[in-house]
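Report on the following structure.
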Ligand code: ZN
């Protein structure tokens, strides 16, 4: 028996939506990489038109009745039980996207989009001028749009859950709080012990490293990790990112600094991790809404695993350092592998999240989660944010910014109304180490393979257990299927404690 006609029609609509989204991604990629500056307005018009067409398609009234015809309802999104499980997973995800889009009134979407544009511009200006009060009314508007969206999407008991669900489906703020509370305490304690130990020498990382040589090394590395350049590209942009233009076209970007070789290098490894996930979706879900990450947190688990757990490991540099030293003989000729390993793992509480090391990074995220939760339960107003930020920095990291530009204004997310996104970064660390623990059990020689520069077995394992499924499973289902357990801080905390106790001789 073939697929019901209504289901075929839904797959066709879904395919068109994917193609439109990828066309938008192509224009956005160009905008961030090669577009000449004066093309900004024309590009904005093109993007607005395409995004409008995509939204119209996504809320096409025919979709509701097609979903009904295959038995998919809000209560039973996966549809008729007689359908194959792949189709039922497709219906669950398609219905989820449809419900999210259709529940928001068009006027609200348009008003919010316009306000987001103004808010982002106001944020950039406020950050330049260290002027939080000029941005505050825009941020206030972003919070109220987000509250309205959460109301329309619905939530059980906390409006913040409605927002979290966009990025981390099925994960509630209560669950995150129950993980982040003990995580914050364990990490703060580890940071305190590390700060009392002598700091490693990192001066040789800040010498001059020619950008062309950084690029040559980075390109070889990403190819060795398994990123096929016949299906991707590396280009330069102000902020590194990964974007999917098609099932066989997943591109990454990085940025290079002459006086900081590790920034560009670790960005390449991080983005390669995202790209390998997107390129690893199975042939059975190709071109459908199932060819997507299970959640933002699961996506971050892949990028952070490659960047930190692999890319900042002793085994990795045992294999790779000779090649790096050969690339930069003037800079690294007298540095040994152990000193380099200690330098790229230096822990220092600092003000800026994106520059934070592996240990302090999650503390930056926990602070943002605390503040977001309070913005949405009404216990914190926008005007109180800078002071609450600084108090949180003192409490978690023991450092306080001199300016709001280096504090509450540092990230773009809130100016775009992207609330509920930050937790994914720290959840990625947790998921990643839960996966890694199972991987080490199943590939006992994984570390000696890394030392030999052989990444194929690790990638094959990730492909088989995680990548090929796309978003067929919710994050907690994926975790169950790979690890047989629920979300936990222990594998991550124990990994950090044992790594850094050894590194710092604690
Ligand atoms: Zn990332």
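Numbering (the working numbering), first residue to last: 5 to 510.
The beta-carbon is built from N, C-alpha and C at its ideal position, and this holds for glycine as well.
Quick caveat, the model's predicted, so the values are computed rather than measured.
So residue i and residue j are supposed to be a Cβ contact under 8 Å. How far apart are they, rounded?
i	j	result
residue 362	residue 316	7 Å
residue 123	residue 145	7 Å
residue 231	residue 280	6 Å
residue 331	residue 268	Going by Cβ atoms, the distance from residue 331 to residue 268 rounds to 13 Å, so no, they are not a contact pair.
residue 246	residue 256	5 Å
residue 372	residue 426	4 Å
residue 70	residue 10	5 Å
residue 283	residue 314	That pair is no contact at about 17 Å.
residue 116	residue 421	7 Å
residue 319	residue 209	Not really, about 20 Å apart at Cβ, beyond 8 Å.
residue 511	residue 154	Because the chain here runs from 5 to 510, residue 511 falls outside it and cannot be looked at.
residue 335	residue 203	20 Å between Cβ atoms; not a contact.
residue 367	residue 401	6 Å
residue 497	residue 187	7 Å
residue 504	residue 369	With 8 Å as the limit, residue 504 and residue 369 do not qualify as a contact, their Cβ atoms being about 18 Å apart.
residue 289	residue 474	5 Å
residue 179	residue 222	Not really, about 37 Å apart at Cβ, beyond 8 Å.
residue 528	residue 375	Residue numbering for the chain in the displayed model covers 5 to 510; residue 528 lies beyond these limits and cannot be assessed.
residue 96	residue 82	5 Å
residue 419	residue 127	3 Å
What do you get for residue i, buried or exposed, if any count of 16 or more other CB atoms within 10 angstroms of its CB means buried?
i	result
residue 6	exposed
residue 484	exposed
residue 243	exposed
residue 353	buried
residue 513	It is not possible to answer for residue 513, since the shown part of the chain is limited to 5 through 510.
residue 111	exposed
residue 460	exposed
residue 139	buried
residue 172	buried
residue 388	exposed
residue 158	exposed
residue 248	buried
residue 449	exposed
residue 220	exposed
residue 94	buried
residue 38	exposed
residue 386	buried
residue 161	exposed
residue 338	exposed
residue 358	exposed
residue 233	exposed
Among the options, which has the Cα closest to the Cα of residue i?
i	options	result
residue 61	254, 311, 73, 24	24
residue 264	74, 303, 215, 475	215
residue 424	181, 39, 127, 501	181
residue 98	17, 39, 490	17
residue 469	175, 227, 482, 241	482
residue 445	42, 369, 487	487
residue 441	187, 492, 212	492
residue 26	127, 58, 40, 47	58
residue 341	322, 400, 356	322
residue 457	220, 326, 360, 431	326
residue 300	344, 374, 195, 174	174
residue 384	157, 147, 121, 13	147
residue 88	8, 259, 63	8
residue 407	449, 131, 430	131
residue 206	386, 129, 343, 377	343
residue 471	225, 86, 297	297
residue 489	499, 501, 439, 56	439
residue 276	305, 30, 430	305
residue 21	291, 466, 329	291
residue 272	224, 234, 195, 250	224
residue 479	466, 303, 41	303
residue 509	467, 229, 194	194
Does any heavy atom of ligand 2 sit closer than 7 Å to the C-beta of residue i?
i	result
residue 172	Of the ligands this structure carries, namely ligand 1, none is ligand 2.
key: Complete runs of the beta strand (DSSP E) confined to the stretch 225–299 [at least 3 residues]   = 238–240, 246–250, 253–258
key: At least three beta-carbon pairs within less than 8 Å, the stretch 99–109 to the stretch 70–79   = yes
ask   = Where in the stretch 71–129 do unbroken runs of the alpha helix (DSSP H), each at least 4 residues long, occur, reported from the N-terminal end onward?
value = 89–107
message = Which complete alpha helix (DSSP H) runs does the stretch 433–471 hold, if anything under 4 residues is left out?
response = 450–455, 460–469
request  = State whether the stretch 198–206 contacts the stretch 390–397, with contact taken as three or more CB pairs (one from each stretch) at a distance under 8 Å.
outcome  = no
request  = Run through the stretch 131–179 for me and flag every whole alpha helix (DSSP H) of 4 or more residues, listed as ranges in chain order.
outcome  = 136–157, 163–171
request  = Could you tell me whether the stretch 292–309 touches the stretch 429–446, using the rule of 3 or more Cβ pairs below 8 Å?
outcome  = yes
query = Quick check: the stretch 409–422 against the stretch 129–138, are there 3 or more CB pairs under 8 Å?
reply = yes
task = Identify every run of the alpha helix (DSSP H) within the stretch 42–71, keeping only runs that are complete inside it and at least 4 residues long; order them along the chain.
result = 44–62
request  = Entirely within the stretch 292–353 and at least 3 residues each: give me those beta strand (DSSP E) ranges in chain order.
outcome  = none
query = Which parts of the stretch 346–413 are runs of the alpha helix (DSSP H), unbroken and 4 residues or longer, counting only runs that do not cross its ends?
reply = 365–381, 389–401
task = Scan the stretch 5–45 and note each continuous alpha helix (DSSP H) run of 4 residues or more that stays entirely inside, going in chain order.
result = 9–37
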